[in-house]
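Residue numbers (our numbering): 1 to 138.
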């Protein structure tokens, strides 16, 4: 074991919205990892879209997008009073994610970032919301 453990020292909450005008282009979450790296601990996804959507997730390293997998977002997820919000780090569509035995997470190095896109444009006037919980290492 290390005599000097690496701990999370700062918690941040980058968030984005995906709307019809975004089309099917990737949008950066804006994690912007610090020198020692950043851990994405949670991705809360909700949608007021009347259609189900599939989000593609990628990590950008050196300007190159590396697709991690996809997340299914049900119509009205977390906004219609009946459909649950989506845990973007749960599920089986990205089985290679790290786990601490309880929850899955993504560690990002400096210079990388997390991006999302809807595979089909979001319905006009509707929005998919992605809220993250990230921690910067010291």
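We put the CB at the ideal spot given by N, CA and C, even for glycine.
| Rounded Cβ spacing between residue 85 and residue 78 (contact assumed at less than 8 Å) | 3 Å
| said: Taking only three categories from DSSP, how would you classify residue 21? | reply: helix
| From what residue to what residue does the beta strand (DSSP E) around residue 67 run? | 64-73
| message | On a Cα-Cα basis, can you pick out the residue from 45, 41, 49 that is closest to residue 124? | response | 49
| With DSSP run on the structure shown, which of helix, strand or coil describes residue 61? | Strand at residue 61.
| task | Have a look at 23, 55, 138 and flag the residue whose alpha-carbon is nearest the alpha-carbon of residue 110. | result | 138
| query | Taking three-plus beta-carbon pairs below 8 Å as touching, is the segment 56-75 in contact with the segment 89-108? | reply | yes
| said: If the criterion is Cβ atoms closer than 9 Å, does the pair residue 31 and residue 40 meet it? | reply: yes
| task | For the beta strand (DSSP E) holding residue 135, just list the boundary residues, first then last. | result | 127-137
| task | Tell me whether residue 108 is buried or exposed, calling it buried when 16 or more other Cβ atoms sit within 10 Å of its Cβ. | result | buried
| query | Looking at residue 119 and residue 55, is the spacing between their C-beta atoms short of 9 Å? | reply | yes
| said: If you follow the beta strand (DSSP E) that residue 8 is in, where does it begin and where does it stop? | reply: 8-12
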